[in-house]
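Those protein sequences? They're chains A and B, same order as listed. All residue numbers for the first sequence refer to the working numbering, where the first residue is 3 and numbers rise by one. All residue numbers for the second sequence refer to the working numbering, where the first residue is 3 and numbers rise by one.
There are 2 protein chains.
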Amino acid sequence: MGKRKGSGRATITDVAEHAKVGAITVSRMLRDPSKVSDKLRSRIEHSIKSLNYIPDPKARALASGQADIIGVLIPSLSNIVFADTLRAIHDGVKGTPYQVLIGNTRYDPQEEDRLISLFLGHRPAALIVAGIDQSEKSIQLLRNAGIPIVQIYEIGEDPIDMSIGLSHIAASQAMIEHLLAQDFRKIGYLAARMDPRMERRLETYRNKLKPLDLYDTKRVVLTDKSSSVNCGRALMRQLLENAPDTDAVVCANDDIALGALFECQSQGISVPDQMGLIGFNDFEMMSAAYPSLTSVRTNRYKIGELAVENIFHRLKGEIPQQNQIDIGFELIQRDSTTRG
Amino acid sequence: MGKRKGSGRATITDVAEHAKVGAITVSRMLRDPSKVSDKLRSRIEHSIKSLNYIPDPKARALASGQADIIGVLIPSLSNIVFADTLRAIHDGVKGTPYQVLIGNTRYDPQEEDRLISLFLGHRPAALIVAGIDQSEKSIQLLRNAGIPIVQIYEIGEDPIDMSIGLSHIAASQAMIEHLLAQDFRKIGYLAARMDPRMERRLETYRNKLKPLDLYDTKRVVLTDKSSSVNCGRALMRQLLENAPDTDAVVCANDDIALGALFECQSQGISVPDQMGLIGFNDFEMMSAAYPSLTSVRTNRYKIGELAVENIFHRLKGEIPQQNQIDIGFELIQRDSTTRG
DNA sequence: TGACAATATGGTAGCGCTACCATATTGTCA
DNA sequence: TGACAATATGGTAGCGCTACCATATTGTCA
């Protein structure tokens, strides 16, 4: 009786038999049709159609030692920041044989470790990871993986392999400087559950204001809840209770800024006359809001685009000019911080 | 000299040699540690650690004929609707051996066909696809795949296998009825680039208003651009030019509703007194807006959750009670449509 | 026409696992 | 203690491809 049962579907061998050619010729045609004569090509194509043959990527990956997988580890699936980058990565691999495999670390370092190890098991062609705060153990694994690794969103001291992002310290400095230049002085800070990048921005806010004697603990309102527009409203409400004389607010992100705007509107506080508002990321809605909201534009799509581009360069054997790309940021000044 | 070079990493055979056991025993231990004696188990565990062994899922999948992959095909990666469902799917498979593979069809039926065929090539354990409008060819492929298939977001006549969603016709009817009940009569419609679900809602709007003699072409403003808050502002502006006496607007989704609100604010049009606004999906920001925005809550997370749940039931060999699950919807009435 | 290169095609073995079966070891009972 | 079942372990072959090499066919030039 039959030993091992296959998948039941047509294999490359079935196609080869049907077309009366060798299996390797079918394999060759699938990967580079120009290497096969017209006669055999059309015969094979016909056989593929009539047998409804679909190649098995895992068998290919096993035989060639190269999985056509690009792994991506991000901390959240419902944040536009990461969604935009994911979109760019998907766009970038479109038309190539590569598949994108997404891991959601949920802002949990242990889960990140687990997923890095799991993903490396797939022998992916490359790996993209959010941030630069991986554990020592994971960094070791990634360094030894022998594949292109791209850390995204932030640039730091010593990239594992490549990093593409921006300096969140510089961005935060620009935000504070902008508010000061617009004559805001009693500057608060609103933030929900933070990732390392947000933490660096908050720290920079403190470092900027303290020497100017403008730092006041009661103007900083934080929560462990995850970020949302409603959360922004609640934080703003709290801030107005703690320190009603606050004249501007740095928001950890745009959702919170939008919530802060709604809270001001509901309390009849005029933005920007009585309250300046600045967000971070420059989501599309920021320019549509009334009044329009100042934010710091971070090109999240470009980060993904460059990541894929650099991975492909690397896979072709090219050595990158630079292993660190600062994509910068742009402070988009709008009505919410424009006075006088 | 060496024939074929492996990946260079430790394999199950390396672990077996190191631990002085058979390869199959290592395999067994990895899948069910209870099947191996304590003595061997600890020896194998030690060898795995010292060799830094990571199992190769594609070799396992090839040998067992079962890929631990659940494929998901959605039309967009930067829309919260799909992101929420994806999150639920990722949450649902956490702790299982399953991996989620995402395909982005970009609202393109041809791309959907291509991806369905490509994904089936992976021999996934199951497939989740958005909508019920797959091509005849794809439906055929999916029916013959012999794996659980879940169509999500919408319920229709004859599911390929299972479908989980809601009736967009019923939802649209509820929206119109609500506006009529609140004494709105000159009801407009704003929509950006549409998917089949949006189209069904728009058609329902027409079907509802025509018999009441309340349908007026100039109150329907559409665009092919992709949906955004700015797009909502532009559509609202256009509508106010076309038909300034419009007293309420049905928005194809919440982004457009928010944009419409901002446009009204900027023109000094009072919501809801002069203009009623209703969105669709009930994004989190709808309750935070000022005035708060009426919307139709669709439980996108639950759709993903149920999809995974039902797939697991099916993979365990259970036969589902129903192959169609209507998760319903809830019209959340807020200030933007509450008059009198 | 013959020598050789270029092109087209195929056979075999192996990628790293697990299904399937076989065998060794231990436990249980009369 | 012997017969048998239960448990633990291992060997071999095969999943569906492709790397590597070999060979057949065609084209080119003197």
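Heads up, the beta-carbon is just placed ideally off N, CA and C, and yes, glycines get one too.
| Is it a yes or a no for the segment 265-279 of chain A touching the segment 207-222 of chain B, going by three-plus beta-carbon pairs under 8 Å? | no
| Under a three-way DSSP split, which group does residue 23 of chain A fall into? | Three-state DSSP puts residue 23 of chain A in coil, outside helix and strand.
| query | Nearest chain A C-beta to residue 57 of chain B closer than 9 Å, yes or no? | reply | yes
| said: Taking beta-carbon pairs under 7 Å, can you tell me which members of the segment 200-221 of chain A lie near chain B? | reply: none
| query | By Cβ distance below 7 Å, which residues in the same chain neighbour residue 122 of chain A in space, the five residues on each side in sequence not counted? | reply | For residue 122 of chain A, where only same-chain residues beyond five positions count, the Cβ hits under 7 Å are 143, 147.
| message | Check whether chain A comes within 9 Å of residue 304 of chain B, counting only Cβ atoms and requiring the distance to be less than that. | response | no
| message | Does the segment 57-65 of chain B come into contact with the segment 123-138 of chain A, if we say contact requires no fewer than three beta-carbon pairs (one atom in each stretch) closer than 8 Å? | response | Result yes; three or more Cβ-Cβ pairs closer than 8 Å.
| According to DSSP, which residues form a beta bridge with residue 190 of chain B? | In the DSSP output, where bridge partners are listed per residue, residue 190 of chain B has B:251.
| query | Is any beta-carbon of chain A found at less than 9 Å from that of residue 60 of chain B? | reply | yes
| message | For the segment 265-294 of chain A, list every residue whose C-beta sits within 7 Å of some C-beta in chain B, in sequence order. | response | 267, 268, 286, 287, 289, 290, 291, 292
| field | Beta-carbon proximity check, residue 74 of chain B vs residue 283 of chain B, cutoff 9 Å | value | no
| said: Using only the alpha-carbon positions, how far apart do residue 178 of chain B and residue 207 of chain B sit? | reply: Rounded to the nearest angstrom, the two C-alpha atoms are 7 Å apart.
| Along chain A, in chain order, which residues have C-beta atoms closer than 9 Å to that of residue 297 of chain B? | What residue 297 of chain B touches in chain A: nothing, since even the nearest Cβ is about 13 Å away.
| According to a CB-to-CB cut-off of less than 7 Å, which residues of the segment 250-266 of chain B neighbour chain A? | Flagged, chain order: 260, 261, 264.
| request: Note the first and the last residue of the continuous alpha helix (DSSP H) segment covering residue 44 of chain A. | output: 40-53
| message | Please tell me whether residue 101 of chain B has its Cβ less than 9 Å away from any Cβ of chain A. | response | Residue 101 of chain B counts as touching chain A.
| task | Could you check what DSSP says for residue 278 of chain A in three-state terms: helix, strand or coil? | result | strand
| How many angstroms separate the CA atom of residue 243 of chain B from the CA atom of residue 222 of chain B? | 12 Å
| message | My parser needs the beta strand (DSSP E) runs of 3 or more residues fully inside the segment 282-334 of chain B; what are they? | response | 297-299, 326-328, 332-334
| field | Local Cβ density within 10 Å of residue 86 of chain A, reported as buried at 16 or more and exposed below that | value | buried
| message | Cβ closer than 8 Å: which chain A residues qualify as neighbours of residue 122 of chain B? | response | 56
| request: Taking residue 228 of chain A as part of the beta strand (DSSP E), name the residues at either end of that continuous run. | output: Premise fails: residue 228 of chain A is in no beta strand (DSSP E) and is neither H nor E.
| field | Status (buried if at least 16 other CB within 10 Å, exposed otherwise) for residue 67 of chain A | value | By the neighbour-count rule (16 or more Cβ atoms within 10 Å), residue 67 of chain A is not buried but exposed.
| Can you name the start and end residues of the alpha helix (DSSP H) that residue 83 of chain A belongs to? | 82-95
| Using a Cβ-Cβ cut-off of 6 Å (strictly less than) and excluding sequence neighbours within five positions of residue 100 of chain B, which residues of its own chain qualify? | Listed in chain order, the non-local C-beta contacts of residue 100 of chain B below 6 Å within the same chain comprise 70, 72, local neighbours out to five positions each way being set aside.
| In chain B, which residues lie with their C-beta within 9 Å of the C-beta of residue 86 of chain A? | 79, 80
| said: Please report the straight-line C-alpha distance between residue 201 of chain A and residue 27 of chain A, rounded to a whole angstrom. | reply: 56 Å
| message | Which of the three DSSP states is assigned to residue 196 of chain A in this structure? | response | For residue 196 of chain A, the three-state secondary structure derived from DSSP is coil.
| said: According to DSSP, residue 165 of chain A sits in a beta bridge with which residue or residues? | reply: A:153, A:326
| Applying a beta-carbon distance threshold of less than 7 Å, which residues of chain B neighbour residue 92 of chain A? | Neighbours of residue 92 of chain A on chain B, chain order: 79, 106.
| said: So with CB distances below 9 Å, who are the chain B contacts of residue 232 of chain A? | reply: Around residue 232 of chain A, the beta-carbon contacts reaching into chain B at under 9 Å are 286, 287, 289, 290.
| message | Would residue 117 of chain B and residue 133 of chain B qualify as a contact pair, given that the criterion is a beta-carbon distance under 9 Å? | response | no
| request: List the residues of chain A that residue 69 of chain B touches, going by C-beta distances under 7 Å, in chain order. | output: Ordered by position in chain A, the residues that pass the 7 Å Cβ test against residue 69 of chain B are 60.
| message | I'd like to confirm the pairing. Which residues does DSSP put opposite residue 73 of chain A in its beta bridges? | response | Checking the DSSP bridge columns, you'll see residue 73 of chain A partnered with A:103, A:129.
| message | Which residue marks the beginning of the alpha helix (DSSP H) containing residue 141 of chain B, and which one marks its end? | response | 138-146
| Partner residues on chain B for residue 172 of chain A, Cβ-Cβ distance less than 9 Å | What residue 172 of chain A touches in chain B: nothing, since even the nearest Cβ is about 26 Å away.
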